[in-house]
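Heads up: the structure comes next, in structure tokens.
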Amino acid sequence: MDELAKPAGLPKKKPGETSPIDIHVGARLRQRRTLLGMSQGKLGDSVGLTFQQIQKYERGTNRIGASRLYDLSRVLDVSIAYFFEEMPDEISEQRYKSINKQLSNDVSAFETDEITRRETLELVRNYYKVSNPLVRKRLFELAKVLATQNIPTDENT
């Protein structure tokens, strides 16, 4: 599961290196804070941070985590989507292409995993649709027995 969270093919952020998305989110943070006439110190105090940390967020030097972005959006009275609005296409498209390229490379490995196959998911979904617990238990037992049998795989027999 963690393999999909950060695809291996995406470049890792090196210490001191900024991401264009982090820079954009930070600029939107600075823009909203300034529009409200709020100091970095006051914003930091309202979410339990130092003004230095707010500076790092605004520069894109430090990445803003999901829960912190939520807190900031509440204090600044904007939706979380606000921070991603007006993002230049070249930034979002470049990131999207990198992710899609890595995912397409991983598709074959993903499809061979029995748990993620469509057939498995449909089987589990339908199993839980059986409302009678006794029937569901019998189906489970039947599947276990069938799994141990040497049944020919030729569909024509």
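Going letter by letter, the sequence shown gives residues 1 to 157 in the UniProt record's numbering. For each residue, glycine too, the CB sits at the ideal point set by N, CA and C.
Secondary structure at R74: helix, using DSSP grouped into helix, strand and coil. If you check the CB distance, Q53 and G44 come in under 8 Å. In this structure, L29 keeps its C-beta atom at 8 Å or more from the C-beta atom of F84. Collapsing the DSSP output to three states places Q149 in coil.
If the five residues before and after L35 are omitted, its C-beta is found closer than 6 Å to no C-beta atom of its own chain. Closest in alpha carbon position to L142, among P152, T153, L76, Y127, is Y127. If you check the CB distance, V130 and L123 do not come in under 8 Å.
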